[in-house]
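The structure appears right after this line, and notes come after that.
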Ligand SMILES: [Zn+2]
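The structure is reproduced here in structure tokens:
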């Protein structure tokens, strides 16, 4: 293979994004990395290949739901979205995930898996993907049913933990959302994660409906529970969803919170103090009329913010670069969106891959 210098507007170097840098590509691997002018001095006369905006390790989709496959994208009210997902729950699982995988923009991802145990086993033992598969737990059951669910979940987690393999996906746990588990089930789920050292991911502070439910036990979620015959006193009131998670001790386990749109500055301070991270899925937030997170607020308080697509049911593609395009159009800089697309490694508790001399060119991403 001919030697050449690969450049891009921003080149990854040990966690930083450098402009005016390049890598020397030869014999199927990066042979050198540094400022373009320096490399041109060191290797005179080599052809330049402009690779675009970014050159570095693979970007990360830190939150999706493979088991929802390519379900048509819903646009509309959040509580109607819940009904939409429930009415399609029969389609969730391994077959749907296999349909979605060829459409993934990234091989490193955090994916929730709900109901289908075969999907989790397959992702852990066979799938050519990296990242974390989070087994989803939710339930508003009476005590006896809850105890059985916890015992069954613990048995599954122990079995799955043994299927993890180097270079494959890791096991994680996802209590679905503050409003969809009883406080005792939320606590028990977090305790299981701590015991097995599993990363946690929780949808939180997504919609105005969630805020209204925790503030006053009213609005679309309260109506939804009423309609489905669930008791009205499952959760405390007078709190924000983030305050509720903090009071319950959930944030002590440093979960990755997904969405975090409907938050006060005090909530963001609480998230920062707990060293929890955030995954933002802006296209899904817009499609479900939830608003957009205040990225400025999170930045000011030093919270790590990663990017995810969420499921195909609420975003038009499973490519985190489309989230990046969306934010670029909204006025964010390329550095900001790339930092978020790389922060997925931190949100998923994965080590950042090395990048530079010796990196096989097949593992170099450009965009
Ligand atoms: Zn989600």
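In my numbering, the protein residues as written are 968 to 1334. C-beta: ideal position from N, C-alpha, C; glycine also.
For residue 1301, collect the residues of the same chain with a Cβ closer than 8 Å to its Cβ; drop the 5 residues on either side in sequence, then sort them by chain order.
976, 977, 1020, 1021, 1295
Tell whether a beta-carbon distance below 8 Å holds between residue 1248 and residue 1223.
no
Once you ignore the five residues that flank residue 1286 on each side, which residues in its own chain have a CB closer than 6 Å to its CB?
1072
Using CA coordinates, which residue listed in 1024, 1131, 1041, 1135 is at the minimum distance from residue 1251?
The residue among 1024, 1131, 1041, 1135 with its C-alpha nearest the C-alpha of residue 1251 is 1041.
Buried or exposed, going by whether 16 or more other CB atoms sit within 10 Å of the CB of residue 1029?
Under this definition residue 1029 is a buried residue.
Would you tell me roughly how many angstroms separate the C-alpha atoms of residue 1059 and residue 1034, rounded to the nearest one?
5 Å
Can you name, in chain order, every residue of its own chain whose Cβ lies under 6 Å from the Cβ of residue 1282, other than the five neighbours on each side?
1250, 1251, 1276
So residue 1089 is in the beta strand (DSSP E); what residue range does that whole segment cover?
It is not in any beta strand (DSSP E) - residue 1089 instead sits in the alpha helix (DSSP H) that spans 1084 to 1092.
Determine, using beta-carbon pairs with one atom in the segment 1170 to 1189 and one in the segment 1143 to 1151, whether at least three such pairs fall under 8 Å.
yes
Measure the alpha-carbon distance for residue 1209 versus residue 1190 and round it to whole angstroms.
21 Å
Who pairs with residue 1169 in a beta bridge, going by DSSP?
1224
In terms of DSSP beta bridges, what is residue 1285 paired with?
In the DSSP output, where bridge partners are listed per residue, residue 1285 has 1071.
Is any non-hydrogen atom of ligand 1 found closer than 7 Å to the C-beta of residue 1272, if you look at the structure I gave you?
Outside the cutoff, so no.
How is residue 1106 classed by DSSP in three states: helix, strand or coil?
Residue 1106 falls in the strand class under three-state DSSP.
If you scan the segment 1094 to 1147 from start to end, which runs of the beta strand (DSSP E) of 3 or more residues do you find wholly inside it?
1097 to 1104, 1136 to 1142
Return the CA-CA distance between residue 1280 and residue 1050, expressed in angstroms with no decimal places.
12 Å
By a C-beta neighbour count over all protein chains shown, 10 Å radius and 16 as the cutoff for buried, is residue 1420 buried or exposed?
The structure shown does not extend to residue 1420, since the chain is modelled only from 968 to 1334, so the question has no answer here.
If you follow the beta strand (DSSP E) that residue 1029 is in, where does it begin and where does it stop?
1027 to 1031
Given 7 Å as the limit, tell me if residue 1079 has its C-beta closer than that to any heavy atom belonging to ligand 1.
Yes, the beta carbon of residue 1079 sits closer than 7 Å to at least one heavy atom of ligand 1.
Residue 1094: which of 1129, 1323, 1137, 1082 sits nearest, CA to CA?
1137
Under the DSSP definition of a beta bridge, which residues are partnered with residue 983?
980
How would you write the range of the alpha helix (DSSP H) that residue 1150 sits in, first residue to last?
1150 to 1163
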